[in-house]
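Quick note on numbering: the numbering used here labels position 98 of the sequence shown as 222, and the sequence is numbered without any gaps.
Glycine residues also receive a C-beta, built at the ideal position from the N, C-alpha and C atoms.
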Amino acid sequence: MQERTDDEIKSSIIRKNGWVWISEEDFEKRNNSPNPNIYFYITQDNEIEMGLVFSGSGKVLNILTLLLEKYNDKVREQLLYSLSKLNNEYKTKLNRETKLYHHLQSPEPTKVCNYNTNEINDEKLRKILSEVEKIKKEGKIKRAKSEVNQEYPSLNLIYRTLKKEDVENTIRDIFPIYKIVSGIKDKKSYEKEMDLKKKEELDKFIFELNKKNLDPKVWRKEVDDWLENWRREY
Numbered sequence: 125m126q127e128r129t130d131d132e133i134k135s136s137i138i139r140k141n142g143w144v145w146i147s148e149e150d151f152e153k154r155n156n157s158p159n160p161n162i163y164f165y166i167t168q169d170n171e172i173e174m175g176l177v178f179s180g181s182g183k184v185l186n187i188l189t190l191l192l193e194k195y196n197d198k199v200r201e202q203l204l205y206s207l208s209k210l211n212n213e214y215k216t217k218l219n220r221e222t223k224l225y226h227h228l229q230s231p232e233p234t235k236v237c238n239y240n241t242n243e244i245n246d247e248k249l250r251k252i253l254s255e256v257e258k259i260k261k262e263g264k265i266k267r268a269k270s271e272v273n274q275e276y277p278s279l280n281l282i283y284r285t286l287k288k289e290d291v292e293n294t295i296r297d298i299f300p301i302y303k304i305v306s307g308i309k310d311k312k313s314y315e316k317e318m319d320l321k322k323k324e325e326l327d328k329f330i331f332e333l334n335k336k337n338l339d340p341k342v343w344r345k346e347v348d349d350w351l352e353n354w355r356r357e358y
């Protein structure tokens, strides 16, 4: 995650409807961005809630779909391992957010899934993804019938209620998760990265191969075998 100056951090803090967001984008762009947001919220019971959230059908569906792709296996394993190390204070929830009358009103949340964060695994991720797809589909139907103005999923990948003295430790827990999630790749980024890796490794292989002064046919076969092994592995 790119280091940011104090001014950049201050400019990323958004206050709206009692929430404080730490975001890479301004508020208007936030819901359309693939990036997660860290939020800080004072509940009606005057408790502090802090967490990492994805909000909006496109964002939640996209991040879960990408996370379950094979080319993100290492990132997912790293994420699940990090989540498993958190204590039982941390929860993961999926809400259905409903705006009945106007897109600017505060949404009414309905809890769909709720887990201890340290229990999240591949099976639960797929369960959450299935519910997200259901919320998105039903939201379209309800909007078409004018039953709601908006309805969309909101995924708190990690959150907890805490006391003031717990804020610093909670930030220490959340930011590494933020960094891991920000490393989830889409197919285009993955293919670009692998093309670069392939070129670098093939160049090294050919450099060493050229030292052997092989017959051209043997040289060609060595390169073809290397390319075939690459295709099988990646």
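Should the segment 329-345 be regarded as contacting the segment 208-223, the criterion being three or more beta carbon pairs within less than 8 Å?
-> no
Got a sec, what are the start and stop residues for the beta strand (DSSP E) P233 sits in?
-> Within the sequence shown, the letter at position 109 stands for residue 233. P233 -> beta strand (DSSP E) spans E232 to N240.
Whole-number beta carbon distance between V305 and L203, since they are thought to touch under 8 Å | Your numbering for residue 203 matches position 79 in the sequence shown. Your numbering for residue 305 matches position 181 in the sequence shown. Their Cβ separation, rounded to whole angstroms, is 7 Å, which keeps L203 and V305 in contact under 8 Å.
Expressed to the nearest angstrom, what Euclidean distance is found between the alpha-carbon atoms of L191 and T285?
-> What you label residue 191 is simply residue 67 of the sequence shown in a count that begins at 1. What you label residue 285 is simply residue 161 of the sequence shown in a count that begins at 1. Roughly 26 Å separates the two Cα atoms.
Going straight from the alpha carbon of E193 to that of Y225, what length do you get?
-> Locating residue 193 in the sequence shown gives position 69, where the first residue counts as 1. Locating residue 225 in the sequence shown gives position 101, where the first residue counts as 1. Distance between the alpha carbons of E193 and Y225: 37 Å.
Do you know offhand how far L279's Cα is from I244's?
-> The count along the sequence shown starts at 1 and reaches residue 279 at position 155. The count along the sequence shown starts at 1 and reaches residue 244 at position 120. Taking the straight line from one Cα to the other gives about 13 Å.
With burial defined as no fewer than 16 other Cβ atoms inside 10 Å of the residue's Cβ, what is the status of L338: buried or exposed?
-> For the purposes of this step, residue 338 is taken as residue 214 along the sequence shown, with counting starting at 1. That one is exposed.
Candidates E173, Y283, Y163 and K303: closest to V199 by CA position | Your numbering for residue 199 matches position 75 in the sequence shown. Out of E173, Y283, Y163 and K303, K303 has the C-alpha closest to the C-alpha of V199.
Using the Cα positions of E325 and G307, report the straight-line distance between them to the nearest angstrom.
-> Sequence index remark: in the sequence shown, residue 325 carries index 201 (1-based). Sequence index remark: in the sequence shown, residue 307 carries index 183 (1-based). Whole-angstrom Cα-Cα distance: 23 Å.
Return the residue from the list N353, L176, K223 and D327 that minimises the CA-CA distance to E271.
-> Reading the sequence shown from its first residue, position 147 is the one you call residue 271. Closest option to E271, Cα to Cα, is K223.
Per DSSP, which one or two residues make a beta bridge with R284?
-> Translated into the one-based positions of the sequence shown, residue 284 becomes position 160. DSSP output for R284 lists M174 as bridge partner(s).
Quick one: any contact between the segment 233-244 and the segment 173-181, if contact means 3 or more CB pairs under 8 Å?
-> no
Mind checking which residues open and close the alpha helix (DSSP H) that includes Y302?
-> Here the question's residue 302 lines up with position 178 in the sequence shown. It spans V291 to S306 - the alpha helix (DSSP H) in which Y302 sits, taken as one unbroken run.
Expressed to the nearest angstrom, what Euclidean distance is found between the alpha-carbon atoms of D310 and D246?
-> Sequence index remark: in the sequence shown, residue 310 carries index 186 (1-based). Sequence index remark: in the sequence shown, residue 246 carries index 122 (1-based). Taking the straight line from one Cα to the other gives about 18 Å.
Nearest candidate by alpha-carbon position, reference Y205, set P300, I166 and D349 = Counted from its first residue, the sequence shown places residue 205 at position 81. Considering only alpha carbons, the answer is P300.
In the DSSP assignment, what are the bridge partners of S179?
-> Position 55 of the sequence shown, counted from the first residue, corresponds to residue 179. S278.
Extent of the continuous alpha helix (DSSP H) run through N334 | For this step, residue 334 is matched to residue 210 along the sequence shown. Looking at the DSSP string, the run of the alpha helix (DSSP H) that includes N334 is K311 to N334.
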